[in-house]
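The structure appears below as structure tokens.
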């Protein structure tokens with residue numbers, strides 16, 4: 006039997022795509038990466054994933070796991086490789102409101118999880134632009150972040166246990182639903198963020214959180230990032246750390262938004278620095294909006310806030326969220342955009358922006374930028390549109406951004422993962438011993454190197 | 006040169022103990038484990054640790070890292086091995102109130118970190134009985150828990166980055182101070198909780214938290230665990246999740262406490278179930294005590310609380326804390342005590358206690374128990390005093406506790422680590438594929454098996 010025939014024997018004829026049937030499976034949604042997969046296989050159960058991996062292992066076939074395919078770094082590029090789609094593993098195995106946990110398979114879409122938590126009077130607090138497509142396996146494998154990390158932590162902090170299939174098909178079941186479990190090495194967090202290079206996550210247990218009973222949501226304009234950070238401290242102190250999101254949209258972001266999404270134009274005159282803030286309470290009877298109003302009035306008196314609008318209905322709240330959530334849509338208008346996700350110590354953000362403006366002019370005078378940031382996390386999406394398609398210039402721009410972030414005590418990758426696009430940064434900036442340890446672990450768990458080959462780990466050593 | 010001479014050349018004569026000088030280094034503080042180390046070496050810097058490990062690696066010498074030596078599971082037993090004490094690496098490298106982080110070396114004592122945070126208007130929220138002796142390297146290596154996990158998470162969740170020396174002496178520097186950093190595999194969490202079997206943590210960056218401006222602290226008696234869990238939900242909902250500690254002390258714990266520490270006798274008549282609770286606020290002007298009083302009044306009306314006392318001074322608050330903190334002191338009165346740290350889903354705690362009472366009578370009719378629990382985490386310290394020193398009976402008791410916990414969806418180890426004492430439970434209950442993966446990683450990072458040999462991983466494959 007050919008490999009394709011053997012795959013069909015495992016998952017059924019309809020769930021193996023090859024030849025022209027793989028059209029639509031060879032492109033990243035940004036449009037930048039393109040590839041021709043060997044085939045696409047769509048298992049429906051952990052056991053089928055295991056049998057596919059046994060076959061891949063026996064035949065030395067490269068396997069690229071894929072969920073919603075919303076990667077921004079070439080993480081699912083699968084040239085000549087078998088794409089293993091987890092989309093059919095979309096069962097929610099258990100929701101337990103008493104323990105506030107949910108067990109979901111790798112193909113469950115983030116929005117589905119969020120809706121399910123909501124139906125149970127709880128919240129699954131991971132939220133980012135691609136939540137209508139991104140799947141459990143993908144957002145775990147990239148340790149996704151988003152707009153509520155400030156309050157609830159990133160994906161890693163929301164996950165209690167995982168089930169995964171290893172390179173040779175063995176199934177590891179560590180689906181613990183406990184808050185405390187110290188039985189040996191932390192293999193859960195090792196696979197989370199490994200971008201499918203150490204194993205294929207097939208299911209996970211997540212913590213849910215109590216659903217806030219009321220939100221306070223506002224958009225403010227101000228003159229400087231310093232003022233914005235003072236405001237963050239003011240609101241955190243005044244609400245007991247109840248800030249769920251604190252997002253930065255500079256002036257040119259607001260202009261671009263008004264141009265591409267006039268329906269989402271700003272309800273206030275945009276300043277140099279515009280901040281979207283949301284605070285929440287889980288205490289019945291508390292009014293966070295009143296509290297936020299008082300805090301903003303204080304910030305205005307102190308000269309930190311120029312103008313502000315507070316949402317007075319759920320509809321207004323949703324509209325303010327959409328202004329921020331449209332970031333991906335207004336950023337990825339050009340496949341040549343260089344998107345980054347650096348993070349910096351909070352007091353170095355302005356220095357980073359100033360230094361980059363100066364450096365960028367020297368590298369590519371025609372380049373322009375679009376910035377949006379999870380300010381409370383120090384996490385900036387600094388996107389650059391180069392003047393042309395020259396790969397050397399692109400590389401120089403990427404290198405400058407990473408170097409500048411690292412030099413200021415930051416990181417070149419806060420939440421999007423490494424994939425292919427950040428391999429040069431890994432080679433240049435990752436601690437060399439940590440890289441050696443990563444390679445040792447990769448060899449130990451995937452000695453043939455068949456799991457998502459070429460990703461995360463730069464060549465060499 | 007002999008090994009001892011070579012060690013002296015690295016750390017200086019005074020910092021290598023051998024022969025009779027190692028007296029005092031051959032016993033766990035519980036008194037249960039005893040050993041004769043080859044020698045004790047006390048490096049003062051990461052570089053010295055690196056050189057010691059290069060030497061150990063070249064000579065195939067087993068190395069047991071040790072901090073405050075407060076392990077409860079034989080984690081520092083070092084029969085014929087070199088004990089590597091991190092106590093002289095006690096420098097706080099940086100405190101940064103702006104970023105709310107602290108960088109501390111492995112030998113810094115937990116209480117020192119707590120005091121330092123306090124001096125900076127912040128809090129380092131890890132707290133447990135041994136905090137006056139336990140050191141950074143040890144509490145990271147066991148992923149320690151304690152009484153504030155409910156609010157702030159365990160050690161893993163407090164740590165942002167680590168520096169570690171590998172088995173062959175290479176130094177891995179991943180001392181990131183960022184909240185978000187996705188640059189490759191999560192090696193930090195792999196070494197945290199590995200009990201020194203994968204590398205020696207020499208320094209770490211920790212998050213600090215805003216210091217509460219006011220606490221509300223109470224001791225309550227009630228009739229059942231069910232009532233206690235209803236009360237927890239009531240206080241969490243009514244304070245917006247501000248419960249810092251929710252600790253369970255049953256009737257016989259209170260009796261034992263009154264007997265051994267009459268100065269800490271209960272200020273209220275103990276019930277079957279006694280709960281220590283502390284809630285806090287970081288919002289200036291808020292009065293959490295008034296809020297707690299109202300919530301307790303409601304719980305009394307509902308029949309859930311029989312009696313309660315609320316601390317009205319810092320002195321009273323400290324005294325209530327001490328009643329709980331005395332647990333280790335009143336538990337480890339007999340080196341034969343079998344201490345455990347199981348965790349269970351919150352709704353299975355009473356079933357566990359009932360089933361264990363029945364099983365224990367069948368195994369050892371003369372055994373008696375002492376229980377104390379981090380109830381909010383489902384984490385029970387179920388200690389058994391066997392009728393005699395018979396090792397087979399001890400093993401049967403341990404096995405029954407682990408089996409009962411796992412059968413009810415819990416774990417045999419929530420926060421103390423595996424060490425030596427829980428190797429049979431690892432062999433019996435850990436997912437076999439996860440065990441294989443752990444062994445693969447151990448071989449990859451420590452091919453000679455010189456780092457804390459015999460711990461965490463049960464023999465066999």
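Protein chains in written order, with this note's numbering: chain U, 6 to 466; chain G, 6 to 466.
Glycine is no exception: its CB is placed at the ideal position from the N, C-alpha and C atoms.
- In this structure, the beta-carbon distance from residue 43 of chain G to residue 91 of chain G does not fall below 8 Å.
- Close to residue 443 of chain G, with beta-carbon spacing below 9 Å, are these residues of chain U in chain order: 189, 190 and 192.
- When Cβ-Cβ separations below 8 Å define contact, residue 383 of chain G makes contact with chain U.
- Minimum Cα-Cα distance from residue 268 of chain G among the listed residues G/281, G/256, G/323 and G/223 corresponds to G/323.
- Annotation: Cβ neighbours of residue 245 of chain G in chain U (cutoff 8 Å, chain order): 245, 247, 286, 287, 288 and 291.
- Secondary structure remark: continuous beta strand (DSSP E) runs of at least 3 residues inside the region 242-281 of chain U, in chain order: 248-255.
- Along the region 204-227 of chain U, going in chain order, the ones with a CB nearer than 7 Å to a CB of chain G are 215.
- Taking 8 Å as the threshold, the shortest C-beta distance from residue 162 of chain G to chain U falls below it.
- In terms of beta-carbon proximity, residue 178 of chain U lines the interface with chain G, with at least one pair separated by less than 8 Å.
- Scanning its chain for C-beta atoms nearer than 7 Å, with the 5 sequence neighbours on each side dropped, one finds around residue 125 of chain U the residues 100 and 102, in chain order.
- Against chain U, the CB of residue 449 of chain G has a partner CB under 8 Å away; the residue lies at that interface.
- Distances from the alpha-carbon of residue 369 of chain G to those of G/380, G/358, G/347 and G/394 put G/394 closest.
- Distance check between residue 210 of chain G and each of G/198, G/156 and G/165 places G/165 closest, using alpha-carbon atoms only.
- In the structure shown, residue 421 of chain U falls within a coil segment according to DSSP collapsed to helix, strand and coil.
- Secondary structure at residue 123 of chain U: helix, using DSSP grouped into helix, strand and coil.
- Using beta-carbon distances, residue 435 of chain U counts as an interface residue toward chain G, with a partner under 8 Å.
- Residue environment analysis places residue 193 of chain G among the buried positions, since at least 16 neighbouring C-beta atoms fall within 10 angstroms of its C-beta.
- Around the beta-carbon of residue 318 of chain G, fewer than 16 other beta-carbon atoms lie within 10 Å, marking it exposed.
- By a beta-carbon distance limit of 8 Å, residue 176 of chain G does not contact residue 64 of chain G. Their separation comes to about 20 Å.
- Among the CB atoms of chain G, none fall inside 8 Å of the CB of residue 33 of chain U.
- Residue 265 of chain G counts as exposed, since fewer than 16 other beta carbons sit within 10 angstroms of its beta carbon.
- Under the 8 Å criterion on CB atoms, residue 132 of chain G is classed as non-interfacial with respect to chain U.
- In the DSSP assignment, residue 336 of chain U falls within the unbroken alpha helix (DSSP H) covering 332-336.
- Counting the other Cβ atoms within 10 Å of the Cβ of residue 148 of chain G gives 16 or more, which makes it buried.
- Secondary structure of residue 41 of chain U (DSSP, three-state): coil.
- By the CB criterion at 8 Å, residue 72 of chain U and residue 143 of chain U fall inside the cutoff.
- Here residue 70 of chain U is bridged, per DSSP, to U/89.
- The region 115-134 of chain G makes no contact with the region 79-86 of chain G; the number of CB pairs closer than 8 Å stays below 3.
- At least one CB atom of chain U sits nearer than 8 Å to the CB of residue 148 of chain G.
- Residue 210 of chain G sits in a strand when the DSSP states are folded into three classes.
- Chain G has no Cβ within less than 8 Å of the Cβ of residue 173 of chain U.
- The Cβ-Cβ distance between residue 281 of chain G and residue 381 of chain G does not fall below 8 Å.
- Contact annotation: in the region 315-339 of chain U, no residue has its CB less than 9 Å from a CB in chain G.
- Proximity of residue 153 of chain U to chain G, defined by a Cβ-Cβ separation below 8 Å, is not satisfied.
- In the structure shown, the three-state DSSP call for residue 399 of chain G is helix.
- Among the residues facing chain U, residue 357 of chain G is not included, as its CB has no counterpart in that chain under 8 Å away.
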